[in-house]
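Protein chains in written order, with UniProt numbering: chain A, 1 to 275; chain B, 1 to 296.
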């Protein structure tokens with residue numbers, strides 16, 4: 001049997017190896033983005049750039065990068081605000097109101113979590129064309145909000161159920177209306193759950209690909225993941241420029257992660273833990 | 001009486017008003033599309049012409065005889081098995097090691113999370129170039145280690161392409177399941193370890209007698225998540241190979257997408273989507289009840 005010290009050595013060896021596996025691709029990406037095409041073709045791929053250049057980043061900035069970024073910010077932030085509003089209203093009813101169809105409706109919506117969203121892709125594409133909103137950010141917001149609702153309503157309802165009934169009763173005696181109860185009492189108390197739901201949907205939608213691929217077509221209207229897709233189609237052979245684009249596209253998430261590590265991780269996991 | 005009635009009416013109106021946005025959105029973007037998908041599966045339609053040709057169950061019969069679809073479904077199943085076999089053990093091992101290290105290992109945690117921050121498209125494009133036979137990182141490293149003979153056309157060879165892509169997907173998802181298990185481990189009461197320590201337990205015994213049994217509900221959940229995820233997977237495969245070379249990496253979702261939006265067969269695409277719906281929903285229900293019964 002190995003002694004404690006020897007085991008610790010193995011721990012570290014394994015963790016070190018996994019660090020390499022997990023992170024070397026990122027170093028390759030960052031290093032390559034600072035190389036010229038010439039240096040990449042001539043030298044070893046894993047080498048640190050000898051004369052780092054920001055030329056590739058300038059190439060990316062000359063393209064539509066900021067437009068893709070802007071579209072992503074708009075599509076995701078509008079969607080998240082709407083998701084929070086619509087799902088918290090529904091969750092408030094499911095968690096705090098008594099009415100005949102409460103359980104039936106709630107169960108039906110929760111069942112929506114298990115639905116493979118791909119089955120909705122073709123009909124939503126047709127619908128988007130019929131509504132004459134194809135190739136617009138608006139085309140994305142509808143499905144983004146709707147497809148996020150089952151999970152969001154579930155998380156919020158379960159959270160709101162835990163809020164003590166006494167608070168509500170006190171407010172009712174004071175003559176508080178349903179709307180005031182929602183906006184002044186339940187909503188502020190649900191802050192932690194709202195943040196989790198917001199981060200979960202925000203990170204998921206920030207990276208969403210297939211709906212953006214199907215519902216938009218021009219760079220003017222596309223989001224960042226599609227920007228990567230378009231850029232690599234256009235600059236297929238210019239690997240350093242593509243790596244610069246990838247590095248830039250990672251930055252917003254990296255910054256968000258550094259600012260709120262624990263919350264981001266908790267948010268990303270929310271869907272899974274509940275699933 | 002009248003006052004009470006009107007109060008009740010207001011109450012019900014309020015409920016309706018609060019639920020309406022959610023119900024309308026779910027109706028328009030989830031329920032109607034599912035019905036529509038099954039409906040469209042009985043038509044031949046290119047998605048453009050105003051005329052849809054009713055063909056009854058022809059698309060479904062074609063699907064039954066479509067070797068590409070069965071091959072894609074087979075790939076989905078292979079993909080389920082590979083992800084379970086590769087992702088779960090590594091994720092559990094990493095989670096256990098990080099959990100035992102405590103706060104000291106926080107830096108490793110952060111380093112391991114990185115793949116989770118990247119979008120699937122970005123990961124797909126990055127690894128396309130890592131796999132590049134001429135100036136990719138992988139051949140560079142193999143060259144450097146004098147292992148040139150191992151170098152392959154990772155994505156171009158139909159025999160290897162599927163495994164090359166699955167390796168990347170595992171790389172992407174291991175951190176996700178790792179955190180999932182770290183969260184579960186943090187719920188194990190410290191007293192259990194202390195009791196085991198008094199009994200003179202070894203590191204291995206901690207793992208087999210305490211950690212693994214207490215993780216098992218989480219492992220089941222993770223396996224269901226992975227199963228469903230593998231059945232509807234699309235992003236990385238489409239970005240890295242578009243299902244090629246010669247359908248080697250085809251999955252149901254990529255085949256559905258290509259049928260509908262590249263070959264303009266909306267009816268047939270809808271048939272594939274509807275079949276996916278049936279398969280995934282059934283698998284989900286079966287997996288759910290199978291794991292629930294065992295727990296009881």
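All C-beta atoms, glycine included, are put in the ideal place defined by N, C-alpha and C.
Values in this document were obtained by computation on a predicted structure and should not be read as measured data.
Query: Around the Cβ of residue 104(A), are there at least 16 other Cβ atoms within 10 angstroms (buried) or fewer (exposed)?; Result: exposed
Query: In chain order, what residues of the stretch 50 to 71 of chain B put their CB closer than 8 Å to some CB of chain A?; Result: none
Query: Output needed for residue 366(B): all residues of its chain with C-beta closer than 6 Å, excluding positions within five of it in sequence on either side, in chain order.; Result: No statement about residue 366(B) is possible, as the shown extent of chain B runs from 1 to 296 and does not include it.
Query: If you draw a straight line from the alpha carbon of residue 273(A) to that of residue 45(A), how long is it in whole angstroms?; Result: Only weak support is given to the placement of residue 273(A): the predicted model assigns it a pLDDT of 48, under 50, and the value that follows is read from those uncertain coordinates. Approximately 40 Å between the Cα atoms of the pair.
Query: In this structure, does DSSP put residue 15(B) in helix, strand or coil?; Result: helix
Query: Would you mind sorting residue 66(A) into buried or exposed? The rule is 16 or more other CB atoms within 10 Å of its CB.; Result: exposed
Query: For the candidate residues 64(A), 53(A), 36(A), 35(A), whose alpha-carbon lies nearest to that of residue 219(A)?; Result: 64(A)
Query: Tell me the DSSP secondary structure of residue 298(B) in three-state form.; Result: This structure cannot settle anything about residue 298(B), because the visible part of chain B is limited to 1 through 296.
Query: Could you check where the alpha helix (DSSP H) with residue 71(B) kicks off and where it finishes?; Result: 67 to 101
Query: Mind pulling the chain B residues with CB within less than 7 Å of residue 26(A)?; Result: 114
Query: Does the beta-carbon distance from residue 15(A) to residue 94(B) come in below 9 Å?; Result: yes
Query: Going by CA-CA distance only, name the one from 135(A), 164(A), 115(A), 13(A) that's closest to residue 30(B).; Result: 115(A)
Query: Inspect the beta-carbon positions of residue 118(B) and residue 168(B) and report whether they are closer than 9 Å.; Result: no
Query: Run through DSSP, which three-state label would residue 264(B) get?; Result: coil
Query: Anything in chain A within Cβ reach of residue 12(B), meaning under 8 Å, just list it in chain order.; Result: 99
Query: Any idea which residues DSSP pairs residue 43(B) with across the strands?; Result: 54(B)
Query: Is any beta-carbon of chain A found at less than 9 Å from that of residue 253(B)?; Result: yes
Query: If we ignore side chains and look at the alpha-carbon of each, how far apart do residue 50(A) and residue 40(A) end up?; Result: 11 Å
Query: Under 7 Å between beta-carbons, which chain B residues line up against residue 217(A)? List them in chain order, please.; Result: Going along chain B, no residue has its Cβ under 7 Å from residue 217(A), so there is no contact; the nearest lies around 11 Å.
Query: According to the neighbour-count rule (16 or more other Cβ atoms, all chains shown, within 10 Å of its Cβ), is residue 178(B) buried or exposed?; Result: buried
Query: Below 8 Å CB to CB, which residues in the same chain sit around residue 68(B) once its five sequence neighbours on both sides are set aside?; Result: 247, 250, 255
Query: Would you kindly work out how many angstroms separate the C-alpha atoms of residue 144(A) and residue 227(A), rounded to a whole number?; Result: 18 Å
Query: I'd like to know if residue 290(B) contacts chain A, where contact means its C-beta is closer than 9 Å to some C-beta of that chain.; Result: no
Query: List, in order along the chain, the chain A residues whose C-beta lies closer than 7 Å to that of residue 130(B)?; Result: 25, 28
Query: Residue 276(B): buried (16+ other C-beta within 10 angstroms of its C-beta) or exposed?; Result: buried
Query: Once the 5 residues before and after residue 284(B) are set aside, which same chain residues still bring their CB inside 6 Å of it?; Result: 228
Query: Beta carbon of residue 235(B), beta carbon of residue 120(B): below 9 Å?; Result: yes
Query: Which term fits residue 216(A), buried or exposed, when burial requires 16 or more other beta carbons within 10 angstroms of its beta carbon?; Result: buried
Query: In this structure, does DSSP put residue 72(A) in helix, strand or coil?; Result: helix
Query: In three-state terms, what does DSSP make of residue 46(A)?; Result: coil
Query: Assign residue 1(A) to one of three DSSP states: helix, strand, or coil.; Result: For residue 1(A), the predicted model reports a pLDDT of 40, less than 50, meaning its position is unreliable; a value from the coordinates is still stated below. Looking at residue 1(A) - three-state DSSP - the assignment turns out to be coil, as it is neither helix nor strand.
Query: Residues of chain A with a CB under 7 Å from the CB of residue 261(B): which are they?; Result: 214
Query: Which residues in chain B sit within 7 Å of residue 93(A), going by Cβ to Cβ distance?; Result: 15, 18, 19
Query: Along chain B, which residues have their Cβ under 8 Å away from the Cβ of residue 146(A)?; Result: 25, 26, 28, 29, 30
Query: Quick one: is residue 8(B) buried, meaning 16 or more other Cβ sit within 10 Å of its Cβ, or exposed?; Result: exposed
Query: Between residue 298(B) and chain A, is there a C-beta pair that is closer than 9 Å?; Result: Residue 298(B) cannot be examined here, being either before or after the span of chain B that is shown, 1 to 296.
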